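K.L.:
In our numbering, the protein residues as written are 20 to 149.
Have a look at this one:
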């Protein structure tokens, strides 16, 4: 029971001490991307609403509505989205934020798995020294 710890055991203990804080920091990074994604989705919705308002209010030369039903309005919205530089930038930002979120989430899961593995190794080492 009084055996000195070897280098490997000391490294495991050090890793066990550091990982919870690393995980906490990684969780904060993940949440930052979650907020970025939600904000960007909200911005896209706001931009779509502006476009849709223009579509709904569009009149022809006889002062009649250009888009008379939901189907034509939605088609016009999709077409306008592809031409609207603000919407295109927001969609690009959303794609980038979602990609970064997935990468950060993978890193978080890796750190959590590493912590679990280190705890299991520490238990095994502890059991072998008793």
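C-beta atoms are modelled at their ideal positions from N, C-alpha and C, and glycine is treated no differently. Small disclaimer: the values here were computed from a predicted structure and weren't measured.
Tell whether a beta-carbon distance below 8 Å holds between residue 79 and residue 116.
P.N.:
Locating residue 79 in the chain shown gives position 60, counting from the first residue. Locating residue 116 in the chain shown gives position 97, counting from the first residue. No; because the gap between Cβ atoms is not below 8 Å, this pair is not in contact.
K.L.:
For the alpha helix (DSSP H) that residue 102 lies in, which residues bound it at each end?
P.N.:
For this step, residue 102 is matched to residue 83 along the chain shown. Where residue 102 is concerned, the enclosing alpha helix (DSSP H) stretches over 89 to 102.
K.L.:
By how many angstroms is the C-alpha of residue 130 removed from the C-alpha of residue 43?
P.N.:
Here residue 43 is taken as the residue at index 24 of the chain shown, counted from 1. Here residue 130 is taken as the residue at index 111 of the chain shown, counted from 1. About 10 Å.
K.L.:
Could you pull out every residue in the same chain whose Cβ sits closer than 7 Å to the Cβ of residue 36, ignoring the five residues on either side in sequence?
P.N.:
Mapped onto the chain shown, residue 36 falls at position 17. Taken in chain order, the list of residues that qualify is empty.
K.L.:
Here's the rule I'm using: 16 or more other beta-carbon atoms within 10 Å means buried, otherwise exposed. How should residue 70 be labelled?
P.N.:
Your numbering for residue 70 matches position 51 in the chain shown. With 16 or more Cβ atoms within 10 Å of its Cβ, residue 70 is classed as buried.
K.L.:
Within 8 Å (strictly less), CB to CB, does residue 94 reach chain D?
P.N.:
No chain D appears in the structure shown, which is made up of a single protein chain.
K.L.:
Using the C-alpha atoms, what's the distance from residue 125 back to residue 137?
P.N.:
As a first step, residue 137 is located in the chain shown; it is residue number 118 there, counting from the start. As a first step, residue 125 is located in the chain shown; it is residue number 106 there, counting from the start. Going from the Cα of residue 137 to the Cα of residue 125 covers about 18 Å.
K.L.:
Assign residue 132 to one of three DSSP states: helix, strand, or coil.
P.N.:
In the chain shown, residue 132 corresponds to position 113, counting from 1. Of the three classes helix, strand and coil, the one that applies to residue 132 here is helix, per DSSP.
K.L.:
Is residue 82 helix, strand or coil by DSSP?
P.N.:
In the chain shown, residue 82 corresponds to position 63, counting from 1. Shown here, residue 82 sits in coil according to DSSP, grouped into three states, outside any helix or strand.
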